[in-house]
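These notes are about the structure you will find just below.
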Amino acid sequence: MKFPKSHSLHEIASLLNCEFVGDKDFQVLGMNEIHVVEPGDIVFVDHPKYYDKALQSAATIVLINKKVDCPEGKALLISDDPFRDFNTLTRHFKPFQFANVAIASSAEIGEGTVIQPNSFIGNHVKIGKNCLIHSNVSIYDHTIIGDNVIIHAGTILGADAFYYKKRPEGFDQLISGGRVIIEDNVGIGALCTIDKGVTGDTTIGEGTKIDNQVHVGHDSVIGKKCLIASQTGIAGCVVIEDEVTIWGQVGTTSGITIGAKAVIMGQTGVTKSVEGGKSYFGTPIEESREKLKQLANIKKIPEILSKLK
């Protein structure tokens, strides 16, 4: 997430009421999670296990809960609770905007696009040409939709990321300030949920078709011309490359990559990254031929035991 304008390190530290290390005029351009940070971004870290990863990332400002040696060319924001202060920044730079109409006045809707009754189009949403938005679709703020997109009834674009920190009093939510981006010629079935990024974008690539009741987690990137069948659950920060086929009731863990033109057979649990151009099945996931051989061998166990007796 980029800020509307550049801010100084001193300005951000004053907003958070925290100490800083570095030039007070050090340039701050935005904030992001560690997997999408760029120079000028703030990244937060609150556990020693991840200090080095954050300090050595592309981010040039690190919001951290301990004063450590600052890498050259970077700056630190010293906070007693980086998670809380990251939320403070999100609230400040991307505050929730109340809506009291079905289609926000700031929404941009392209020529030839049809929006059926009872749908909600949020603030600063952009929808391209010749789209069809069926009834009872909710499109949250800042979502971007390309041309020739079809979205079926009951689908929700832009819900919050499922991202929490456990505290003694309960679970504290990491506030989502990202977006959903739907590229041209995408089809999305009924009752799907596509969560926005925490600070970045959840993206559905051009020509991809998604069946009913599919969930796509925050910050995931789905490539071009993919097919995703019903009741599939894609976790956060997953990369699905171009022309992948995912059949029904597949589930994934977070942060993995599915290679281009892979085929994931029904009810598979994608527990790790897999190469493209192959077919996979089972939990834990394996190449389908190998997994089916194993299942065939399991059926022989009673016969083998009988012979041993």
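In terms of the numbering used here, the sequence shown opens at residue 1347 and continues consecutively.
Ideal Cβ positions, reconstructed from N, Cα and C, are used throughout, including at glycine.
Margin query: Whole angstroms are fine: how far does the CA of residue 1582 sit from the CA of residue 1522?
Written below: As a position in the sequence shown, residue 1522 is number 176, starting the count at 1. As a position in the sequence shown, residue 1582 is number 236, starting the count at 1. Distance between the alpha carbons of residue 1522 and residue 1582 is about 13 angstroms.
Note to self: Please report the straight-line C-alpha distance between residue 1558 and residue 1572, rounded to a whole angstrom.
What the structure shows: Translated into the one-based positions of the sequence shown, residue 1558 becomes position 212. Translated into the one-based positions of the sequence shown, residue 1572 becomes position 226. Between the alpha carbons of residue 1558 and residue 1572 lies a distance of about 15 angstroms.
Check: Can the beta-carbon of residue 1524 be found less than 8 angstroms from the beta-carbon of residue 1377?
Finding: As a position in the sequence shown, residue 1524 is number 178, starting the count at 1. As a position in the sequence shown, residue 1377 is number 31, starting the count at 1. It is not a contact, given that the beta carbons lie outside the stated cut-off.
Note to self: Using the Cβ count rule (16 or more neighbours within 10 Å means buried), how would you classify residue 1395?
What the structure shows: Within the sequence shown, residue 1395 is the residue found at index 49, counting from 1. So residue 1395 counts as exposed.
Margin query: Just to confirm my understanding: we take residue 1358, look at its own chain, exclude 5 residues before and 5 after, and list those with CB closer than 6 angstroms. What are they?
Written below: Position 12 of the sequence shown, counting from 1, holds the residue named residue 1358. Hits under 6 angstroms: 1374.
Checklist line | Within 8 angstroms, strictly: CB atoms of residue 1496 and residue 1529 | finding: Position 150 of the sequence shown, counted from the first residue, corresponds to residue 1496. Position 183 of the sequence shown, counted from the first residue, corresponds to residue 1529. Cβ atoms of residue 1496 and residue 1529: not closer than 8 angstroms.
Margin query: If you reduce the DSSP assignment to three classes, tell me which class residue 1444 lands in.
Written below: To locate residue 1444, count along the sequence shown from 1; it is residue 98. Residue 1444: coil per DSSP, three-state reduction.
Next item on the list: Could you please give the first and the last residue of the uninterrupted beta strand (DSSP E) stretch that includes residue 1481?
Entry: The residue labelled residue 1481 in the question sits at position 135 within the sequence shown. First-last for residue 1481: undefined, no H or E at that position.
Next item on the list: Quick one: give me the first and last residue of the alpha helix (DSSP H) that residue 1399 is part of.
Entry: If you number the sequence shown from 1, residue 1399 lands on position 53. Counting along the chain, the alpha helix (DSSP H) containing residue 1399 begins and ends at 1397-1401.
Checklist line | Beta-carbon separation (whole angstroms), residue 1486 vs residue 1504, contact threshold 8 angstroms | finding: Numbered from its first residue, the sequence shown carries residue 1486 at position 140. Numbered from its first residue, the sequence shown carries residue 1504 at position 158. Contact between residue 1486 and residue 1504 is confirmed by a C-beta separation of about 3 angstroms, below the 8 angstroms threshold.
Next item on the list: May I ask you to list the residues that DSSP assigns as paired with residue 1533?
Entry: Within the sequence shown, the letter at position 187 stands for residue 1533. DSSP output for residue 1533 lists 1496, 1555 as bridge partner(s).
Notebook entry, point to check: Would you report the Cα separation of residue 1356 and residue 1410, rounded to the nearest angstrom?
Noted result: Numbered from its first residue, the sequence shown carries residue 1356 at position 10. Numbered from its first residue, the sequence shown carries residue 1410 at position 64. Taking the straight line joining both Cα atoms gives about 16 angstroms.
Notebook entry, point to check: When the Cβ atoms of the region 1596-1605 are set against those of the region 1618-1626, are three or more pairs found closer than 8 angstroms?
Noted result: Taking 8 angstroms as the limit for Cβ pairs, the verdict is that the region 1618-1626 does touch the region 1596-1605.
Check: What's the C-alpha gap between residue 1534 and residue 1574?
Finding: Position 188 of the sequence shown, counting from 1, holds the residue named residue 1534. Position 228 of the sequence shown, counting from 1, holds the residue named residue 1574. CA-to-CA, the gap between residue 1534 and residue 1574 works out to about 10 angstroms.
Next item on the list: Return the CA-CA distance between residue 1481 and residue 1577, expressed in angstroms with no decimal places.
Entry: Taking the sequence shown and counting its residues from 1, the one referred to as residue 1481 is at position 135. Taking the sequence shown and counting its residues from 1, the one referred to as residue 1577 is at position 231. Rounded to the nearest angstrom, the two C-alpha atoms are 21 angstroms apart.
Notebook entry, point to check: How is the beta strand (DSSP E) around residue 1350 delimited, first residue to last?
Noted result: To locate residue 1350, count along the sequence shown from 1; it is residue 4. Run containing residue 1350: 1348-1354, per the beta strand (DSSP E) assignment.
Notebook entry, point to check: Alpha carbon to alpha carbon, what distance is there between residue 1519 and residue 1368?
Noted result: One-based indexing of the sequence shown puts residue 1368 at position 22. One-based indexing of the sequence shown puts residue 1519 at position 173. Between residue 1368 and residue 1519, the C-alpha separation is close to 30 angstroms.
Check: For the 8 angstroms Cβ check, are there 3 or more pairs between the region 1503-1517 and the region 1532-1546?
Finding: yes
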